[in-house]
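First the structure, in the form of structure tokens, and then the observations on it.
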């Protein structure tokens, strides 16, 4: 028997399709005492892990000169909103090399999405007289 038959992860519908190198802004539900508020965390997705439990992704940011990494499960209920701000052009699945880079060297170039046929209208050929 396979474990996947017993465990069906319920993925959070607020999480869009992510890939390593994407810059994302996360809205986390934080509970402090009896109050709830949204706390934002913005950074680069440096790794994704997929598994039987639904998987997780790691986001890295630099705050006051110190690198901060947080790992979020795909089935987390504390994630209220995930926005993909830009898509980074990368050639690796895990971007752990960014940990030892700083400032401008740690920036990723932006990946441009290919224009679809519907988005770019074609000019119709004019009959010549």
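Residue numbers (this note's numbering): 7 to 135. Beta carbons are placed, not taken as given, at the ideal position from N, Cα and C, and that holds for glycine. Owing to the predicted nature of the structure, the values given are computational and were not obtained by experimental measurement.
query: For residue 23 and residue 69, what's the separation of their Cα atoms in angstroms?; result: 26 Å
query: Is the region 76 to 92 in contact with the region 33 to 53, if contact means three or more CB pairs nearer than 8 Å?; result: yes
query: Let me know if residue 19 comes out buried or exposed under the rule of 16 or more other beta-carbons within 10 Å of its beta-carbon.; result: exposed
query: What distance in whole Å lies between the Cβ atoms of residue 96 and residue 145, which are believed to be in contact at a cut-off of 8 Å?; result: This structure gives no information on residue 145, because the portion of the chain shown stretches from 7 to 135.
query: Which residue comes first and which comes last in the beta strand (DSSP E) that contains residue 116?; result: Here residue 116 belongs to no beta strand (DSSP E), and DSSP marks it neither H nor E.
query: Using beta-carbon positions only, say whether residue 62 and residue 44 come within less than 8 Å of one another.; result: no
query: With distance defined between alpha-carbon atoms, name the residue in 55, 66 and 58 nearest to residue 49.; result: 66
query: Return the chain-ordered ranges of every alpha helix (DSSP H) run that is complete within the region 21 to 46 and spans a minimum of 4 residues.; result: none
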